[in-house]
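The structure appears below as C-alpha cells.
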Amino acid sequence: QQQVKQSPQSLIVQKGGISIINCAYENTAFDYFPWYQQFPGKGPALLIAIRPDVSEKKEGRFTISFNKSAKQFSLHIMDSQPGDSATYFCAASGAQSNTGKLIFGQGTTLQVKP
Amino acid sequence: GAVVSQHPSWVICKSGTSVKIECRSLDFQATTMFWYRQFPKQSLMLMATSNEGSKATYEQGVEKDKFLINHASLTLSTLTVTSAHPEDSSFYICSAGKQGALTEAFFGQGTRLTVV
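Protein chains in written order, with our numbering: chain A, 1 to 114; chain B, 1 to 116.
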C-alpha cells in the first residue's frame with residue numbers, strides 16, 4: 001500500500017514533442033503528489049506538485065494531471081527540450097506524516113533528441 | 001524555495017573506517033530531515049527519519065548501528081556510516097521538510113560514497 005508505481009522506465013522523445021510519465025498509488029491517505037527532476041550526480045529538485053482537490057496543475061511547460069478515482073497521476077512535459085533530459089521521479093506523502101516524508105516511484109529516464 | 005546543503009559531495013574511504021555526511025538547511029529550520037540511499041539507475045530508498053532532539057526512526061532493514069544519525073539542531077543532521085564496506089558505496093541524499101500550508105521536501109545535492 002505504500003508503493004508508488006511509475007512508468008515507463010525510460011522514454012525517448014523528439015525535441016518539441018510531449019513527454020508523458022505516469023504514476024499510480026494504492027494508499028488513499030496520500031494527499032500530496034510531487035514530481036522531482038534529477039540530473040546525474042545531483043540531488044532531486046522539486047518540479048511541480050499537486051494536491052487531490054484539483055485535477056490539473058500547470059506550471060510553464062509542465063502539467064500534472066490527477067485522477068483521484070483511479071488513483072493515478074501523470075506528468076506532461078510540453079515542447080520537450082534536450083535540456084529536459086533527466087530522470088524524473090513521482091512521489092507521494094500523506095497528511096499524517098506532514099513532515100516531508102516521501103514515497104518515490106521507480107523513476108523514468110527521459111531522453112529528448114535534438 | 002529553500003536550500004539544503006550536503007557535505008561532502010563525494011568521499012572515498014577505506015574499508016573499516018567511518019564516514020560522516022552533513023546535511024544543513026540553510027534558510028529554514030527543519031525539525032525533521034530524511035536520509036535516502038540511491039544505487040545507480042535506481043530510485044531513492046528512504047533509510048531513516050531524523051528528528052531534532054530525539055532518536056532517528058529507521059526503515060525496515062536498515063542497520064541502526066551501522067548508519068548513525070544525529071540531529072543536534074534545527075538546521076543540521078549528520079549521517080555516519082560506521083565500519084564502511086564496499087557494499088556501502090552508494091549515493092546518499094538528505095532532504096528537509098519546510099513546513100507551511102503543506103510540507104515540501106527539499107533535497108541536498110547528494111554525497112557519492114566510495115569504499116575501497
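Glycine included, each C-beta is placed from N, C-alpha and C at the ideal position.
{"Check": "Helix, strand or coil at B:G110 according to DSSP, with G and I counted as helix", "Outcome": "coil"}
{"Check": "Interface residues of the segment 37-66 of chain A facing chain B [CB-CB below 8 Å]", "Outcome": "G41, K42, G43, P44, A45, L46, A49, R51"}
{"Check": "Buried versus exposed call for B:H85 [16 or more other C-beta atoms within 10 Å across all chains shown]", "Outcome": "exposed"}
{"Check": "Close Cβ partners of B:W35 (< 7 Å) along its chain, the five nearest in sequence each way excluded", "Outcome": "M47, A48, S50, I69, L79, Y92, C94"}
{"Check": "Cβ contact (3+ pairs, closer than 8 Å) linking the segment 82-95 of chain A and the segment 19-34 of chain A", "Outcome": "yes"}
{"Check": "Beta strand (DSSP E) segment containing A:F62, residue limits", "Outcome": "62-67"}
{"Check": "Chain A residues whose Cβ lies nearer than 8 Å to that of B:R112", "Outcome": "G41"}
{"Check": "Cutoff 8 Å; reference B:S18; Cβ partners in own chain excluding five residues on either side", "Outcome": "T80, V81, T82, S83, A84"}
{"Check": "Proximal residues of chain A, C-beta to C-beta of B:T49 below 7 Å", "Outcome": "K101"}
{"Check": "Simplified DSSP assignment, three categories, for B:G97", "Outcome": "strand"}
{"Check": "Continuous beta strand (DSSP E) stretch holding A:P34: start and end", "Outcome": "30-38"}
{"Check": "Cα-Cα separation between A:I48 and A:F62, rounded to whole angstroms", "Outcome": "7 Å"}
{"Check": "Closest Cα partner of A:S7 within the set A:Q14, A:L75, A:G100", "Outcome": "A:L75"}
{"Check": "Neighbour flag for B:I21 against chain A, beta carbons, 8 Å", "Outcome": "no"}
{"Check": "CA nearest to the CA of B:G110, picked from B:P8, B:L74, B:E104", "Outcome": "B:P8"}
{"Check": "Per-residue burial, B:Q38 [other beta carbons within 10 Å of its own, 16 or more giving buried]", "Outcome": "buried"}
{"Check": "A:G17 at chain B interface by Cβ criterion, 8 Å", "Outcome": "no"}
{"Check": "Min CB distance B:I69 to chain A below 8 Å", "Outcome": "no"}
{"Check": "Neighbour flag for B:S73 against chain A, beta carbons, 8 Å", "Outcome": "no"}
{"Check": "Whether A:I103 touches A:V4 by CB criterion (8 Å)", "Outcome": "yes"}
{"Check": "C-beta contact flag for A:V112 and A:K15 at 8 Å", "Outcome": "yes"}
{"Check": "Proximity test, B:W35 beta-carbon vs the ligand SAH heavy atom, cut-off 7 Å", "Outcome": "No copy of the ligand SAH occurs in the structure displayed, which carries no ligand at all."}
{"Check": "Length of the line joining the Cα atoms of A:S93 and A:G100", "Outcome": "7 Å"}
{"Check": "Residues that B:A96 contacts on chain A, provided the C-beta gap is smaller than 8 Å", "Outcome": "G100"}
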